[in-house]
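Novice: One structure is given below, represented as structure tokens, and several questions about it will come after.
Here it is, written out as structure tokens:
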């Protein structure tokens, strides 16, 4: 089987796009979505990133989840069913790419994954009738109060979203704009 393809973002430090190898045969396909030997990443202080929690989010067409993040959690994100527009915004004030963002098409067929650094906000918009996102996190999720929320349509970020009138949670629809 081919090796994991890893592409580092030219814009946002620590952000990576990963494409695992897919094995196809007459039965279908097989994908290894995580192997500790291949996913050997380190934070800015050279500490290894260890994932301790896996979560799934299932959404319907036009749902937008995000933009959320915190200062200590790294996330490995992939779409296991459907199609999403996935966005990462650098919210680290000391970063050279502060307020920059990147977007990726994540689908069940392209099998791409995004490694999101701590201090960055991420969000996704479901573009298929139904989608499922897998989150692998480096810290145990406690509650939304430990995260920051950035308004999905904040003019300072000017993020492109394919669906301009998304379905939002109360938390996301009431997020404050950046100063």
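Residue numbers (my numbering): -1 to 177. Ideal placement from N, C-alpha and C gives every residue a C-beta, glycine not left out.
1. Measure the C-alpha to C-alpha separation of residue 7 and residue 14 and round it to an integer number of angstroms.
2. Closest Cβ-Cβ distance between residue 121 and chain B: below 8 Å?
3. Using the rule of at least 16 other Cβ atoms within 10 Å of the residue's Cβ for burial, across every protein chain shown, is residue 1 buried or exposed?
4. Determine which residues share a DSSP beta bridge with residue 6 and list them.
5. For residue 71, count neighbouring Cβ atoms within 10 angstroms of its own Cβ and tell me buried if that reaches 16, exposed if not.
6. Quick one: using the 10 Å Cβ neighbour count with 16 as the cut-off for buried, is residue 69 buried or exposed?
7. Mind checking who residue 128 pairs with in its DSSP beta bridge?
8. So, with DSSP's three-state summary, where would you put residue 212?
9. Under three-state DSSP, which class holds residue 143?
10. According to DSSP, is residue 63 helix, strand or coil?
11. Any idea if residue 136 is buried or exposed, counting beta-carbon neighbours within 10 angstroms, 16 or more meaning buried?
12. By DSSP, does residue 46 sit in helix, in strand, or in coil?
13. Apply the 10 Å Cβ neighbour rule to residue 86 and answer buried if 16 or more other Cβ atoms are within range, or exposed otherwise.
14. Can you tell me where the beta strand (DSSP E) with residue 170 in it begins and where it stops?
15. Three-state secondary structure (DSSP) at residue -1?
16. Should residue 113 and residue 16 be called a contact, given that it needs their Cβ atoms to be closer than 8 Å?
17. Okay, do the segment 51 to 69 and the segment 150 to 165 touch, 3+ Cβ pairs below 8 Å being the bar?
18. Return yes when the Cβ of residue 47 is within less than 8 Å of the Cβ of residue 41, no when it is not.
Specialist: Working from what's here:
1. Cα to Cα, residue 7 sits roughly 6 Å from residue 14.
2. Absent here is chain B; the protein component of the structure consists of one chain.
3. Burial check for residue 1: the Cβ neighbour count within 10 Å stays below 16, so the residue is exposed.
4. Paired residues: 14.
5. Classification of residue 71: buried, given that the 10 Å Cβ count is 16 or more.
6. That one is exposed.
7. Beta-bridge partners assigned by DSSP to residue 128: 58.
8. Residue 212 falls outside the range modelled here, since the chain spans only -1 to 177, and no answer is possible.
9. Note: residue 143 maps to helix in three-state DSSP.
10. Look at residue 63 here: in three-state DSSP terms it is strand.
11. When all chains shown are included, residue 136 counts as buried.
12. Residue 46 falls in the strand class under three-state DSSP.
13. By the 16-neighbour rule on beta-carbons within 10 angstroms, residue 86 is buried.
14. From DSSP, residue 170 is part of no beta strand (DSSP E) but of the alpha helix (DSSP H) over 168 to 171.
15. Legend: pLDDT at residue -1 = 48, less than 50; position of this residue unreliable, value from coordinates given subsequently. In the three-state DSSP reduction, residue -1 falls in the coil class, being neither helix nor strand.
16. Yes, they are a contact pair.
17. Yes: the two stretches touch, three or more of their Cβ pairs being nearer than 8 Å.
18. Here residue 41 is near residue 47, since their CB atoms are less than 8 Å apart.
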